[in-house]
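Asks: Residue numbers (the working numbering): 53 to 109. We put the CB at the ideal spot given by N, CA and C, even for glycine. These numbers were taken from a predicted model, which means no experiment stands behind them. Can you read through this structure? Questions will come right after.
Shown next as structure tokens:
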């Protein structure tokens with residue numbers, strides 16, 4: 053099943069990349085922050101990559 057917050061973060065970042073609005077980016081950043089709290093090491097690495105993607109928007 054995995055970490056639901058991790059899945060939500062992936063979806064939020066994808067949405068932010070597609071929409072490129074301040075709101076979508078803010079939601080994605082907040083979701084990433086929440087996901088970090090419950091992530092395992094592998095998820096954290098992927099979340100860092102997602103954060104890097106957001107930082108380029």
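Less than 8 angstroms between C-beta atoms, sequence neighbours within five positions excluded: which residues of the same chain meet that for residue 61?
Replies: Here residue 61 is taken as the residue at index 9 of the chain shown, counted from 1. Closer than 8 angstroms at the Cβ level, and outside the excluded window around residue 61, lie 80, 83, 84, 86, 87, 99 and 102.
Asks: Assuming residue 105 contacts residue 58 (C-beta within less than 8 angstroms), just tell me the rounded distance between them.
Replies: Here residue 105 is taken as the residue at index 53 of the chain shown, counted from 1. Here residue 58 is taken as the residue at index 6 of the chain shown, counted from 1. No, residue 105 and residue 58 are not in contact; Cβ-Cβ is about 15 angstroms, not under 8 angstroms.
Asks: By Cβ distance below 7 angstroms, which residues in the same chain neighbour residue 69 in space, the five residues on each side in sequence not counted?
Replies: Here residue 69 corresponds to residue number 17 of the chain shown, with the count starting at 1. The residues are 105 and 109.
Asks: How many Å lie between residue 76 and residue 63 at the Cα?
Replies: By one-based count along the chain shown, residue 76 stands at place 24. By one-based count along the chain shown, residue 63 stands at place 11. C-alpha separation (whole angstroms): 11 angstroms.
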